[in-house]
Amino acid sequence: GSGDFYQIHYDKDFAQNTGLPDRITHGALKNALLGRLLHEWVGDQGRVKRVACQYRGMDIVNEDVTCHGRITKKSQQGGENIVELEIWAETPQGQKTTPGTGVVSLPSRGQ
1 GSGDFYQIHY
11 DKDFAQNTGL
21 PDRITHGALK
31 NALLGRLLHE
41 WVGDQGRVKR
51 VACQYRGMDI
61 VNEDVTCHGR
71 ITKKSQQGGE
81 NIVELEIWAE
91 TPQGQKTTPG
101 TGVVSLPSRG
111 Q
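Using full-length UniProt numbering, you'd call the opening residue of the sequence shown number 1 and step up by one each time.
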């Protein structure tokens, strides 16, 4: 766990008393989901080298969080095929709540 035990993540009444419609999804979970997005994309032969994100908006518990990515740069470094990506999580309404970046290493085609 992250050590963040603030009640807005697990106590619906507390969250609603602060003006929120419900509990909010923990940021560390959204970071993990973005990491999983990259891991699923690179497959067994690739490697996730870095995931970084910022928490810019709230995702409500029991609403879908959708993760996306877009390639921003491809290069070769030290014999590795490096891909840099813009990644983000968004609400069902399309609001980007968790923008970030990722770096992965991919095998050469045909390997």
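For glycine and all other residues, C-beta sits at the position ideal for the given N, C-alpha and C.
With contacts defined as CB atoms closer than 9 Å, Q95 and G57 qualify as a contacting pair. Per DSSP, the continuous beta strand (DSSP E) segment holding L106 begins and ends at 96-106.
Its chain contains D22, R23 as the residues whose beta carbon lies nearer than 7 Å to that of K12, once the 5 sequence neighbours on both sides are disregarded; these appear in chain order. For G27, no beta strand (DSSP E) encloses it; the enclosing alpha helix (DSSP H) starts and ends at 27-42.
Cβ atoms of G46 and P107 come within 8 Å of each other, at about 7 Å.
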